[in-house]
Amino acid sequence: MKIIISLMLIISSICIAQHNTFNKEAELQKFIEQGGKVEETVPNNYKLTYRDGTQKVFNFGRSEKLNNNIGDFNTTIINVWEIDTTEFAGMFKFWQKVEVANSWWRPMFIEDLNKNGLPELYGFSDYTGFFNVGPVQIFERSASGVYQSIFIYDSTTTVVKGMGDIHRTGGKEIYLRNNINNNGSVYRGDSTGSLPTKFDFTFYYTPIQINYMNFGDFDNNNVSDCVFIDGSGAQYCIIGEFRDSLNNFETVFEFSTTDQGDFSNTVIGDFDQDQKTEIVFSSGRGNIFVIENKNENEYQLIDQFPFVTWNAYMITQTNDIDGNGKPEFWVGGQDFSTGASILQAYESDGNYSYTPVTQIELRYSTSLYMSYLQAVDINDDSTEELVISIGNQIFILKFIGAPNQHDYQVLYAKLCELTQPDADYGPTTIADLDGDGKSDILIPFWKVREPIFYSFSYILRQNDLSSMSTEKNILQTQEFINNYPNPFNSESVINYSVKQYSHAKIKIFDLLGKEITTLLDKEISPGNYSISWEAKDNYGFPLPSGVYLIVLQTNNSIKTSKTILIK
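Residue numbers (our numbering): 142 to 708.
What follows is the structure, encoded as structure tokens:
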């Protein structure tokens, strides 16, 4: 098992603390005042129960994993307090308000299951008390463009937990949690192309809460499977297969751990490209788990390794975002002690081994209420964008790098909603909601109107994603460092670029993370530069043959290049 964690974390952590305004006591008190419940399970670990019954365990301590190891990959740093949202004001415009939302930790489900060309929204409207939510409704866009309720499920239904083609007929069934037992109900359509409004079966399982239900055919035997997380605090990941004879799922695999923290959602794909499905999830304790299908109904934990911080509840996947031939899965966590959210992408570097290939650091962006990561091709350029929802902040990041050279810029940012200052965001959903062929944004909101916890959504219609000059921003955002020749014998020229007036540092490290020498430490203007390095340390002694890391740190980013010295 090979784990590489970024050297840049060591360097960049000194810049975060002064902007961290997260106050644990104040935030927990606010959570209680808004109807939540708080329990300290162990020192600095808190189990939070939300108004819809969802539970999450958060660790507020400083993670020592930040300084574990080093890595040869780029880090994109986004100083949230420096973002000027007026630059993005023309990209999405408010279109309409809809009286529907879904759970705290999963975006709204948007489908066209009756195949009439008009999308449906699946969710609930009002809370009427603690744990009393729902019923689930279906909203559909009318001919006039207004979303209206067209169907209301049984009054016991609360939130939408999942959708999938369980019966493998080409349609989709909907899985709804209910408030009368620990299970949920599955509904299907009367025929392909009809809405899933007919009760099908009750999904039986023993935990208090079933989270992150996902459907598919993981072992490729043409029978539907499901995977979900046990939300009862027992830290279970369960895989089931559908049985026609039972008209229900039967458990075929369970994984559990004593991790002090819940599990995240799962991502499903063949990340090591061995024709076997992997299921990846992470935990509040800051660990990543990889389960692989081996044979029909046979699964095995093939890897488990630490993430760089606690509260690693964000996870998604991208289909080879950098074009190097390898798919990626992403994990994100929150470090409340520094006020930073950190995301890393992982690729396989061989069977049963995964390596981080890039890191994104959002400074001054943490929340107890919502953190969600997804990947969607918003601008139809065949490359996904990363959509990050944290608290009342939304970031859409665009890949602007090259194969094996990750770099990202902010394509869109929304920080709070001025018309709803007392409301909290839910996870955003990206879909074509107005039928113009362009992706729009749906933002769920929750707000307290005692004794009601009111829920609704805003739809922001895409106006013009090119309103901000892409060429200009790429030129302004790209900073790089490399050297030539590489490998080199005794002297190499280091080329680097700085995008704006900044304090720049260039340092050399060995593969153990030891600082070898500092080549640059001063304020410089924007531009391209070069500097010579004679392969000597701080004391002027020649260095032995080996691999070294060249690190450029500016006010905006940290870039790393690996070089080989051969004598």
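Just so you know, even glycine gets a beta-carbon here, dropped at the ideal spot from N, CA and C.
Note that this is a predicted model, so its numbers are computed, not measured.
Under 7 Å Cβ to Cβ from residue i, same chain only, skipping five residues before and after it: list those, please.
| i | result |
| --- | --- |
| residue 700 | 215, 620, 621, 622, 693 |
| residue 708 | 630, 686 |
| residue 319 | 297, 298, 299, 325, 326 |
| residue 301 | 243, 250, 263, 264, 277, 315, 317 |
In this structure, how does DSSP classify residue i when only helix, strand and coil are distinguished?
| i | result |
| --- | --- |
| residue 674 | strand |
| residue 300 | strand |
| residue 339 | strand |
| residue 173 | helix |
| residue 594 | strand |
| residue 246 | coil |
| residue 310 | coil |
| residue 167 | helix |
| residue 280 | strand |
| residue 221 | helix |
| residue 356 | strand |
| residue 229 | helix |
| residue 574 | coil |
| residue 305 | strand |
| residue 704 | strand |
| residue 263 | strand |
| residue 564 | coil |
| residue 371 | strand |
| residue 585 | strand |
| residue 559 | coil |
| residue 333 | coil |
| residue 546 | strand |
| residue 451 | coil |
| residue 427 | coil |
| residue 603 | strand |
| residue 624 | strand |
| residue 287 | coil |
| residue 696 | coil |
| residue 350 | coil |
| residue 432 | strand |
As a quick exercise: from the options, pick the residue whose alpha carbon is nearest that of residue i.
| i | options | result |
| --- | --- | --- |
| residue 329 | 360, 451, 294, 319 | 294 |
| residue 554 | 336, 250, 229, 527 | 229 |
| residue 649 | 669, 602, 687 | 687 |
| residue 289 | 307, 477, 264 | 264 |
| residue 316 | 363, 462, 472, 298 | 298 |
| residue 662 | 671, 669, 645 | 645 |
| residue 245 | 236, 238, 192, 279 | 192 |
| residue 531 | 340, 247, 342, 427 | 247 |
| residue 691 | 385, 652, 682 | 652 |
| residue 511 | 568, 494, 654 | 568 |
| residue 221 | 488, 481, 458, 601 | 481 |
| residue 199 | 587, 433, 452 | 452 |
| residue 346 | 386, 430, 391 | 391 |
| residue 450 | 204, 518, 339, 562 | 204 |
| residue 429 | 484, 625, 459 | 484 |
| residue 377 | 423, 277, 517 | 423 |
| residue 321 | 194, 469, 475 | 194 |
Residues in the same chain with beta-carbon distance under 6 Å from residue i, minus the five sequence neighbours each way, listed in chain order, please.
| i | result |
| --- | --- |
| residue 180 | 188 |
| residue 659 | 648 |
| residue 612 | Any reading at residue 612 must be qualified, since the residue scores a pLDDT of 40, below 50, and its modelled position is unreliable; the value itself is stated next. Contacts found: none. |
| residue 477 | 163, 201, 507 |
Once the 5 residues before and after residue i are set aside, which same chain residues still bring their CB inside 8 Å of it?
| i | result |
| --- | --- |
| residue 684 | 657, 676, 677, 678, 706 |
| residue 632 | 673, 674, 675, 676 |
| residue 253 | 259, 260, 261 |
| residue 557 | 533, 534 |
| residue 628 | 704, 705, 706, 707 |
| residue 615 | Confidence at residue 615 is low in this model, with a pLDDT of 41, below 50, so the placement of that residue is unreliable and no value is reported for it. |
| residue 287 | 237 |
Taking the beta strand (DSSP E) that residue i falls in, what are its first and last residues?
| i | result |
| --- | --- |
| residue 183 | 178–183 |
| residue 447 | 439–447 |
| residue 476 | 469–476 |
| residue 541 | No beta strand (DSSP E) contains residue 541, which DSSP labels as neither H nor E. |
| residue 364 | Per DSSP, residue 364 belongs to no beta strand (DSSP E) and is neither H nor E. |
Residue ranges of each beta strand (DSSP E) run of no fewer than 3 residues wholly in the stretch 633–693, ordered along the chain? Fully contained in the stretch 633–693 are the following beta strand (DSSP E) runs of length 3 or more, in chain order: 633–639, 643–651, 656–665, 668–674.
Entirely enclosed beta strand (DSSP E) segments - the stretch 484–529, minimum 3 residues: Fully enclosed beta strand (DSSP E) runs of 3 or longer: 495–504, 512–517.
As an exercise, report each continuous beta strand (DSSP E) stretch of at least 3 residues that is fully enclosed by the stretch 383–425, in chain order. DSSP assignment within the stretch 383–425 yields the following whole beta strand (DSSP E) runs of 3 residues or more, N-terminal first: 389–397, 408–410, 419–423.
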